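Structure record follows, encoded as structure tokens.
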Amino acid sequence: MSRFWKPGAERPQLLDDEEGGVIFFSAPSSAAGYGYANLERQRQRLPVYKFRTAILYLVEKHATSIVVGETGSGKTTQIPQYLKEAGWAEGGRVIACTQPRRLAVQSVASRVAEEMGVKLGEEVGYTIRFEDVTNPGVTVIKFLTDGVLLREMMDDPLLTKYSVIMVDEAHERSLSTDTLLGLLKKVQRRRPDLRLIISSATIEAKSMSAFFSSSKKRPIQVPGDHIPEAVPAIISVEGKGFPVEIHYSEESFSNYVEAAISTVISIHSQEPAGDILVFLTGQDDIEAAVRLLMEDGQAPESRSSGLLILPLYSGLPRAEQDLVFSPTPKGKRKVIISTNIAETSLTLEGVVYVVDSGFSKQRFYNPISDIENLVVAPISKASARQRAGRAGRVRPGKCFRLYTEEYFVKEMPNEGIPEMQRSNLVSCVIQLKSLGIDNILGFDWISPPAPESMIRALEVLYSLGVLDDDAKLTTPTGFQVAEIPLDPMISKMILSANEYGCSEEVITIAAVLSIQSIWVSMRGAQRELDDVKLRFAAAEGDHITYLNIYKGFLNSGKSPQWCHKNFINYQAMKKVLEIREQLIKLLKRLGMILKSCEKDTLAIRKAIVAGFFAHACRLETFGQNGMYKTLRSSQEVHIHPSSVLFRVNPKWVIYNSIVSTDRQYMRHVLAIDPSWLTEAAPHFYQLQKPYPAAY
DNA sequence: GAGCACTGC
1 MSRFWKPGAE
11 RPQLLDDEEG
21 GVIFFSAPSS
31 AAGYGYANLE
41 RQRQRLPVYK
51 FRTAILYLVE
61 KHATSIVVGE
71 TGSGKTTQIP
81 QYLKEAGWAE
91 GGRVIACTQP
101 RRLAVQSVAS
111 RVAEEMGVKL
121 GEEVGYTIRF
131 EDVTNPGVTV
141 IKFLTDGVLL
151 REMMDDPLLT
161 KYSVIMVDEA
171 HERSLSTDTL
181 LGLLKKVQRR
191 RPDLRLIISS
201 ATIEAKSMSA
211 FFSSSKKRPI
221 QVPGDHIPEA
231 VPAIISVEGK
241 GFPVEIHYSE
251 ESFSNYVEAA
261 ISTVISIHSQ
271 EPAGDILVFL
281 TGQDDIEAAV
291 RLLMEDGQAP
301 ESRSSGLLIL
311 PLYSGLPRAE
321 QDLVFSPTPK
331 GKRKVIISTN
341 IAETSLTLEG
351 VVYVVDSGFS
361 KQRFYNPISD
371 IENLVVAPIS
381 KASARQRAGR
391 AGRVRPGKCF
401 RLYTEEYFVK
411 EMPNEGIPEM
421 QRSNLVSCVI
431 QLKSLGIDNI
441 LGFDWISPPA
451 PESMIRALEV
461 LYSLGVLDDD
471 AKLTTPTGFQ
481 VAEIPLDPMI
491 SKMILSANEY
501 GCSEEVITIA
511 AVLSIQSIWV
521 SMRGAQRELD
531 DVKLRFAAAE
541 GDHITYLNIY
551 KGFLNSGKSP
561 QWCHKNFINY
571 QAMKKVLEIR
581 EQLIKLLKRL
591 GMILKSCEKD
601 TLAIRKAIVA
611 GFFAHACRLE
621 TFGQNGMYKT
631 LRSSQEVHIH
641 PSSVLFRVNP
651 KWVIYNSIVS
661 TDRQYMRHVL
671 AIDPSWLTEA
681 APHFYQLQKP
691 YPAAY
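Right, here's the structure in full:
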């Protein structure tokens with residue numbers, strides 16, 4: 001390896017460059033009063049057993065504490081227990097701990113319950129969508145996704161039952177984490193008793209701290225209450241991860257797939273046992289890499305024999321995904337070729353070598369065209385470190401970066417662009433509106449999105465009748481749409497279905513549109529999949545086709561075999577059932593009675609148009625075959641080949657979303673009558689004369 | 001006639 005690879009100078013470190021087994025402590029000098037002489041100076045070493053005392057001191061004195069550290073440092077599981085022991089969960093108060101992902105919530109909650117020797121769902125519980133394992137009045141440590149906490153704010157904006165809120169993985173800067181942090185800063189002004197603990201990777205600690213210290217407004221004084229210090233404290237904890245040796249390539253590669261393959265082969269021939277994890281960007285890359293490695297394995301003098309090659313991406317059927325968790329057979333070495341799913345969402349034991357391409361697919365939003373694009377883009381240093389860390393879970397490991405050290409140091413951005421600045425903001429804005437945040441542009445964003453994106457979101461919500469002329473939520477539509485946990489266009493469609501008497505059918509469509517795909521990923525068997533689709537295909541379009549599939553699924557007795565036979569993803573159908581159930585409960589609470597329109601698809605189609613009128617397109621009669629233009633901005637779009645309307649090309653259609661590749665493809669397409677547009681949204685579309693070519 | 005990084009409510 002040494003001929004080609006150059007070891008990197010950087011050692012993964014925390015705030016200070018010290019040895020393991022200590023906590024590094026950085027806080028304003030107020031800590032001196034605590035009685036520990038060694039806390040008088042900033043960033044003093046602190047023995048590990050003082051972690052508990054330090055945390056409790058900081059939480060007592062500071063409104064916000066920022067805890068940085070790596071995985072395995074115990075911050076996620078220990079801090080809530082310390083707080084409970086110190087009395088933060090007394091008097092009916094609850095300690096909340098958020099995570100960005102459902103799986104993490106479940107596993108952390110059960111670990112803490114086990115450590116405390118209590119039954120999960122009693123003192124320690126968790127809440128995620130579709131699953132509430134808490135016992136109100138008994139549960140005092142509650143784990144939940146940050147999205148669920150945001151939903152809870154809609155009923156209780158000041159989160160009055162919580163004494164401490166710990167936001168974990170804040171450095172990931174997800175849409176809901178950032179929204180939550182902005183709101184929590186606001187809540188703090190009204191609730192001086194509330195304590196925040198932000199748990200973040202080292203690299204983000206300073207910007208988090210700056211966000212929570214800068215305040216345009218003073219806290220509202222509550223008589224008799226102790227006012228904690230507004231400046232956040234930072235405490236840094238050493239993780240238990242093993243060291244990972246970083247190797248950079250001597251020069252840059254033009255083809256990272258090939259580079260990854262040859263790196264895997266040289267690791268295999270020169271390094272001791274241990275599984276290899278390769279980070280590529282997407283299904284295409286991964287399949288190409290798997291194929292190349294397999295071919296090499298069959299060559300007579302192959303250097304890759306003994307490799308067990310496993311692809312990993314979220315679109316892969318569950319059974320194939322699970323293969324990566326099976327133990328490595330004796331005498332074999334596992335090579336997992338993965339997307340970013342292995343960077344945070346899945347933890348693979350047994351990985352000792354990581355190969356990092358330096359790229360990932362990232363979403364970018366263009367507020368002008370209102371289209372989200374998926375682009376292969378360079379990752380950040382934070383991501384690169386996270387990927388490298390995946391090699392140090394079981395023993396010291398190695399990470400091979402397919403780029404030069406100079407590139408890493410000089411060109412790679414420190415942090416990625418927060419999701420907030422790369423996304424469509426309609427859901428975020430409606431959530432803020434429902435919490436009474438009137439001035440969206442002036443909201444204290446931790447990373448402000450482009451004003452164009454905020455304005456576009458306001459426009460879309462206004463056109464849906466969710467916001468009024470003063471940009472306030474309308475009654476009842478606006479409040480009802482905010483209440484439904486789906487894309488506002490889908491929520492609006494459901495509310496209209498109530499008026500058209502077809503809510504039974506439309507909530508099914510809403511559920512299908514809210515999940516990834518109901519088809520199993522079948523690149524090799526496209527023909528068969530197309531044949532199956534014909535069995536369900538409806539002339540009206542994809543939405544009605546989904547209804548036919550759902551009926552077939554119910555008629556089969558929700559059978560997994562039926563799904564398998566019809567190339568339908570059983571897991572996805574189960575999720576459709578869950579979302580439907582959630583919607584039924586919610587709509588009942590909103591005072592709606594579910595109704596079926598039986599076979600009247602006209603009502604259904606009009607309800608869909610009431611939500612998606614802004615996504616209307618017209619076939620270009622004089623252009624090439626199958627070219628459409630959006631009515632809104634005259635963008636060129638095409639019907640996606642997976643749609644039942646592909647090659648049918650009705651004159652007028654609406655779509656659910658757009659997939660951009662070399663062309664813009666409409667996904668989930670429905671044929672419409674243009675008169676429904678002016679009927680559903682007269683403020684949005686005005687009749688220009690009689691429709692000449694169309695009608 | 002061809003495509004889907006990853007979450008979440």
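For the first sequence, the UniProt record's numbering begins at 1 and goes up steadily by one.
Ideal Cβ positions, reconstructed from N, Cα and C, are used throughout, including at glycine.
Everything numeric in this text was worked out from a predicted model, so none of it was measured.
Whether residue i touches residue j by CB criterion (8 Å)
i, j, result
"L144", "R191", "no"
"L587", "L594", "yes"
"P560", "E452", "no"
"I261", "I267", "no"
"L56", "A96", "no"
"V112", "I79", "no"
"R318", "Q571", "yes"
"residue 697", "G478", "The shown model of the chain, from 1 to 695, leaves out residue 697, and the question about it has no answer."
"V67", "S199", "yes"
"A511", "I494", "no"
"V351", "K361", "no"
"I203", "N414", "yes"
"F279", "R422", "no"
"V167", "D146", "yes"
Pairwise C-alpha distance: residue j and residue i
i, j, result
"A289", "D155", "49 Å"
"L432", "R333", "50 Å"
"L513", "S657", "9 Å"
"E229", "D662", "54 Å"
"I484", "A497", "14 Å"
"K629", "F622", "12 Å"
"K186", "D370", "30 Å"
"T134", "T127", "7 Å"
"G591", "P476", "11 Å"
"I440", "A63", "25 Å"
"R363", "D193", "39 Å"
"V124", "G87", "15 Å"
"V244", "K565", "46 Å"
"D470", "L554", "45 Å"
"I568", "E60", "54 Å"
"V257", "F400", "14 Å"
"K574", "I246", "43 Å"
"C502", "V481", "17 Å"
"A681", "P674", "11 Å"
"A170", "G306", "40 Å"
"S314", "V659", "17 Å"
"A201", "G69", "6 Å"
Neighbourhood of residue i by C-beta distance below 6 Å, restricted to the same chain and skipping five residues each side
i, result
"F408", "none"
"I672", "V609, W652, I654"
"R395", "F242"
"M489", "G611, F612"
"residue 783", "This structure cannot settle anything about residue 783, because the visible part of the chain is limited to 1 through 695."
"A537", "T545, V644"
"I639", "L645, F646, M666, V669"
Residue(s) in a DSSP beta bridge with residue i
i, result
"K142", "A96, G125"
"R102", "None, per the DSSP bridge assignment."
"M166", "C97, I197"
"F279", "S338, D356"
"E131", "I128"
"L308", "K334"
"Q664", "S660"
"Y655", "V669"
"A233", "S65"
"L467", "L473"
Residues near residue i in its chain [Cβ-Cβ closer than 8 Å; skip 5 each side]
i, result
"V137", "Just to set this straight, residue 137 is Gly in the shown sequence, not Val. Counting only Cβ-Cβ distances below 8 Å, and skipping sequence neighbours, we find G92."
"A382", "H171, A201, I203, E204, N414, E415, G416"
Cβ-based neighbour list, residue i, same chain, cut-off 7 Å, excluding 5 preceding and 5 following
i, result
"Q13", "Caution applies to Q13, whose pLDDT of 34 falls short of 50 and renders its modelled position unreliable; the value that the coordinates give is listed next. Here the set comprises nothing."
"R605", "E540, L670, I672"
At which residue ranges does the region 344-397 contain complete beta strand (DSSP E) runs of 3 or more residues, listed in the order of the chain? 351-356, 359-366, 371-378
Completely contained beta strand (DSSP E) runs for the region 566-643, where each covers 3 or more residues: 616-619, 627-630, 636-639
Along the chain, which unbroken stretches of the beta strand (DSSP E) at least 3 residues long are found entirely within the region 470-541? none
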